[in-house]
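With the first letter of the sequence shown counted as 1, position 364 gets the number 364 in UniProt numbering; the numbers rise by one all the way through. Below: one structure, written as structure tokens.
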Amino acid sequence: MPVVGKLVRWAVVIVVLALAAASAPGYAPRAAPTVVAGPPRAPVTLPTPESQPPAPEFAAISKLVDDAIAARQLPGAVVAVGHGGRVVFHQAYGSRKLAGEPGLDGSPAPAEPMTENTIFDLASLTKCLATATAVMQLYEQGKLQFDDPVQKYLPEFNPANDPQRARVTVRTLLTNTSGEGIDVSLGDPWGLDPPDKTEGVHRALVTPLQSSPGQGFLYSDINYILLGALVEKITGEAEDVYVQRNVFAPLGMQDTRYLPVAKACGPHQVWGAAVGWAPASQAPAPCPDGAWSVSLLPRIAPTARDEESRADPSKNPDFFRLLRGTVHDPTARRMGGVAGNAGVFSTARDVGSYAQALLDRLAGRPSTFPLRQATLEVMTSPQQPGHTPQQVDAANRAARAAIARNAPHYPAIPGQNLFGFGWDIDTGFSKPRGLVFPIGSFGNTGFTGTTLWMDPGSDTYVVLLTNSIHLRGSPPISNLRGQVATAAARALSLYER
1 MPVVGKLVRW AVVIVVLALA AASAPGYAPR AAPTVVAGPP RAPVTLPTPE
51 SQPPAPEFAA ISKLVDDAIA ARQLPGAVVA VGHGGRVVFH QAYGSRKLAG
101 EPGLDGSPAP AEPMTENTIF DLASLTKCLA TATAVMQLYE QGKLQFDDPV
151 QKYLPEFNPA NDPQRARVTV RTLLTNTSGE GIDVSLGDPW GLDPPDKTEG
201 VHRALVTPLQ SSPGQGFLYS DINYILLGAL VEKITGEAED VYVQRNVFAP
251 LGMQDTRYLP VAKACGPHQV WGAAVGWAPA SQAPAPCPDG AWSVSLLPRI
301 APTARDEESR ADPSKNPDFF RLLRGTVHDP TARRMGGVAG NAGVFSTARD
351 VGSYAQALLD RLAGRPSTFP LRQATLEVMT SPQQPGHTPQ QVDAANRAAR
401 AAIARNAPHY PAIPGQNLFG FGWDIDTGFS KPRGLVFPIG SFGNTGFTGT
451 TLWMDPGSDT YVVLLTNSIH LRGSPPISNL RGQVATAAAR ALSLYER
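So, in structure tokens, the structure goes:
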């Protein structure tokens with residue numbers, strides 16, 4: 001979920017970026033490396049939209065998204081709704097890239113229509129789909145306990161055995177109650193050229209706590225960077241390798257993966273931390289295991305231009321390049337594209353497959369979801385320190401009363417933030433729940449404009465994938481996320497009396 005710290009960056013960008021790009025002291029953009037003499041232009045990607053007109057009952061969703069596109073909140077979107085074990089709605093809207101913007105080769109190119117199989121940078125949906133799921137698997141295997149101190153697995157987290165840091169547990173990381181701040185320091189140009197995952201993990205390990213562990217909720221990327229490091233320490237392999245084999249493959253999520261810059265396969269070029277298209281000089285060879293093919297790039301929705309190191313753009317070879325196939329999150333990008341907080345790319349169909357398999361396993365139905373039912377019951381219920389079984393019922397009563405007054409607020413009970421292991425249940429970031437799904441449903445969002453919300457009570461999920469940050473200065477889509485969920489629930493006549 002995007003947090004205030006990240007939003008502040010956008011406010012600064014609008015004022016500073018033009019000056020930084022054109023007149024920052026010492027700024028001289030680096031030329032792209034030459035791959036072959038006289039490279040041909042990239043292929044023009046103008047896919048035929050796959051979507052059919054929406055079913056009448058889902059027309060409200062289409063109007064919401066079309067209106068948001070017209071208001072320049074986002075260039076395009078893909079929505080998928082699942083209910084009762086099947087996909088009941090799947091629709092693409094607008095464009096994934098606008099006319100005149102750089103195409104694959106960096107030259108101005110025509111608009112690209114959004115398609116249902118567009119691949120999106122999921123941003124913080126990585127936290128739950130990849131990292132938290134992996135942590136829960138390690139719990140099932142008896143390789144960690146939720147109330148173990150983090151220093152048990154990552155001794156570098158507390159080499160001096162500070163009593164405050166000793167209270168940071170796996171539970172407090174998963175529920176964003178560790179006392180960690182929002183993100184590691186990005187003030188200096190570490191990881192811009194080349195990426196440096198070791199430095200990113202080190203910064204997460206040594207960043208001072210902002211508050212006492214277990215005392216309050218603060219959404220933190222550091223928590224999930226540490227969890228990603230924990231997964232790698234226990235399993236002995238990179239997180240992208242582990243989750244590809246143990247999470248995404250069992251679910252048949254063929255279009256879902258981390259896209260680490262070092263594992264790009266096929267003709268491409270790398271400037272600093274970003275990957276880009278390059279013309280093929282010979283017939284492409286098969287990609288080795290663990291690599292990803294740059295042939296995916298035409299299907300990927302570009303996010304935004306790289307704005308890191310605005311004070312001295314000469315330190316960032318990717319400065320002002322449009323990111324496409326490179327994770328937008330600046331920390332994950334500096335770490336080479338694989339981090340516990342961000343880096344996974346996927347489609348609406350694949351995210352829906354994850355959601356339906358989770359709902360099936362949670363309900364005790366046959367499922368390929370790679371966790372047991374009892375584990376999912378723990379994962380998707382409030383787990384923050386001090387949680388009680390009564391909190392969900394109390395929050396639902398408060399939420400219904402507020403909605404009846406046409407004054408919903410988040411969380412429903414001020415100061416009572418309910419968070420599972422990776423999943424938002426009722427916090428200040430729970431607007432995507434909408435006005436129909438009850439508290440006890442759960443989900444998460446990503447800064448790039450992505451949302452997944454699931455309701456076990458009605459066997460329903462809603463996926464909204466956008467690249468809303470593509471439009472500079474666009475209004476936030478926090479209201480749209482909830483409006484789409486509300487429209488989906490009403491289209492299905494859920495919880496009607």
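Note that beta-carbon positions come from the ideal geometry of N, C-alpha and C, so glycine has one too. These numbers come from a predicted model, not from an experiment.
For this session: For S293, collect the residues of the same chain with a Cβ closer than 6 Å to its Cβ; drop the 5 residues on either side in sequence, then sort them by chain order.
Result: Here the set comprises C265, G266, C287.
Exercise. Can the beta-carbon of I450 be found closer than 9 Å to that of A123?
Worked result: First, the amino acid is wrong: residue 450 is Thr here, not Ile. Between T450 and A123, the C-beta spacing is below 9 Å.
Exercise. Name the DSSP beta bridge partners of T445, please?
Worked result: BP columns for T445 point to T451.
Problem set entry | Residues of its chain near V247, where Cβ-Cβ distance is below 7 Å and the 5 sequence neighbours each way are ignored | Same-chain partners within the cutoff: A130, T133, A134, P370.
For this session: Can you tell me which of the three DSSP states G290 falls into?
Result: Correct three-state label for G290: coil.
Exercise. Can you name the residues that DSSP bridges to T486?
Worked result: According to DSSP, T486 bridges with nothing at all.
For this session: Return helix, strand or coil for T460, following the three-state DSSP convention.
Result: Reduced to three states, the DSSP call for T460 is strand.
Problem set entry | Helix, strand or coil at F157 according to DSSP, with G and I counted as helix | Three-state DSSP puts F157 in a helix.
For this session: State the Cα-Cα distance for the pair P330 and E308, rounded to the nearest angstrom.
Result: Near 7 Å, if we compare the C-alpha coordinates of E308 and P330.
Exercise. If we call anything under 9 Å between Cβ atoms a contact, is Q356 one with G434?
Worked result: Not a contact, by the Cβ cut-off of 9 Å.
For this session: Compute the distance between the beta-carbons of V168 and L209, then report whether it is under 9 Å.
Result: Result yes, Cβ atoms of V168 and L209 sit closer than 9 Å.
Exercise. Considering H202, what are the terminal residues of the alpha helix (DSSP H) in which it resides?
Worked result: Looking at the DSSP string, the run of the alpha helix (DSSP H) that includes H202 is 197–206.
For this session: Locate the alpha helix (DSSP H) running through V168, then write down its first and last residues.
Result: Looking at the DSSP string, V168 is not in any alpha helix (DSSP H), and its letter there is neither H nor E.
For this session: Using the Cα positions of A304 and P279, report the straight-line distance between them to the nearest angstrom.
Result: So the alpha carbons of these two residues sit roughly 23 Å apart.
Exercise. Which same chain residues, not among the five before or five after I300, have their C-beta less than 7 Å away from its C-beta?
Worked result: Correct list, in chain order: I119, R324, G325, F345.
Exercise. Among P284, D255, D360, which has the Cα closest to the Cα of R349?
Worked result: Per the Cα distances, D255.
Problem set entry | Simplified DSSP state of S220, which is helix, strand or coil | Of the three classes helix, strand and coil, the one that applies to S220 here is coil, per DSSP.
For this session: Mind checking who D108 pairs with in its DSSP beta bridge?
Result: Note that residue 108 is Pro in the sequence shown here, rather than Asp. The bridge partners DSSP lists for P108 are P102.
Exercise. Terminal residues of the continuous beta strand (DSSP E) containing Q137?
Worked result: Run containing Q137: none in the beta strand (DSSP E); it sits in the alpha helix (DSSP H), 133–140.
Exercise. Buried or exposed: which applies to Q384, given that a residue is buried once 16 or more other Cβ atoms fall within 10 Å of its Cβ?
Worked result: Looking at its Cβ environment, which holds 16 or more other Cβ atoms inside 10 Å, Q384 is buried.
For this session: Note down the Cα distance separating Q391 from D105, rounded to an integer number of angstroms.
Result: Spanning the two alpha carbons is a distance of roughly 53 Å.
For this session: For R171, I'd like the list of residues in its chain whose CB is within less than 6 Å of its CB, leaving aside the five on either flank, ordered along the chain.
Result: Residues F146, D147 of the same chain have their beta carbon placed closer than 6 Å to that of R171, with the five preceding and five following residues left out of the count.
Exercise. Between the region 88–106 and the region 63–76, do at least 3 Cβ pairs fall closer than 8 Å?
Worked result: Because the criterion of three Cβ pairs below 8 Å is met, the region 88–106 and the region 63–76 touch.
Exercise. What is the DSSP secondary structure of S62, counted as helix, strand or coil?
Worked result: S62: helix per DSSP, three-state reduction.
Problem set entry | Residue nearest to R472 in terms of C-alpha spacing, selected from I222, Q282, L322 | Of the candidates I222, Q282, L322, the one whose C-alpha sits nearest the C-alpha of R472 is L322.
For this session: Put Y410 into one of helix, strand or coil per three-state DSSP.
Result: Coil, per DSSP.
For this session: For R372, I'd like the list of residues in its chain whose CB is within less than 7 Å of its CB, leaving aside the five on either flank, ordered along the chain.
Result: Counting only Cβ-Cβ distances below 7 Å, and skipping sequence neighbours, we find E140.
Exercise. Is the distance from the Cβ of I234 to the Cβ of K127 below 9 Å?
Worked result: Going by beta carbons, I234 and K127 fall outside the 9 Å limit.
Exercise. Using the beta-carbon count (16 or more within 10 Å), is D66 buried or exposed?
Worked result: So D66 counts as exposed.
Exercise. G191 to A332, Cα distance in whole Å?
Worked result: Rounded to the nearest angstrom, the two C-alpha atoms are 10 Å apart.
Problem set entry | Neighbour-count burial assignment, E496, 16 or more Cβ in a 10 Å radius | Exposed: under 16 other Cβ atoms inside 10 Å.
Problem set entry | Inter-residue Cα distance where the pair is A99 and P113 | Near 10 Å, if we compare the C-alpha coordinates of P113 and A99.
Problem set entry | Inter-residue spacing [alpha-carbon to alpha-carbon] between T48 and P110 | Low confidence applies here, because T48 scores a pLDDT of 40, under 50, leaving its location unreliable; read the following figure in that light. Counting only the Cα atoms, P110 lies some 14 Å from T48.
Exercise. Below 8 Å, can you find three or more Cβ-Cβ pairs linking the region 455–472 to the region 424–444?
Worked result: Touching, per the Cβ criterion.
For this session: Tell me, to the nearest whole angstrom, how far the beta carbon of P195 is from that of V261; I am working on the premise that it is less than 8 Å.
Result: A Cβ-Cβ distance of about 6 Å is found for the pair P195 and V261, placing them in contact under the 8 Å criterion.
Problem set entry | Residue closest to I413, alpha-carbon to alpha-carbon, out of A398, F421, A407, G422 | Of the listed residues, the one whose Cα sits closest to I413 is A398.
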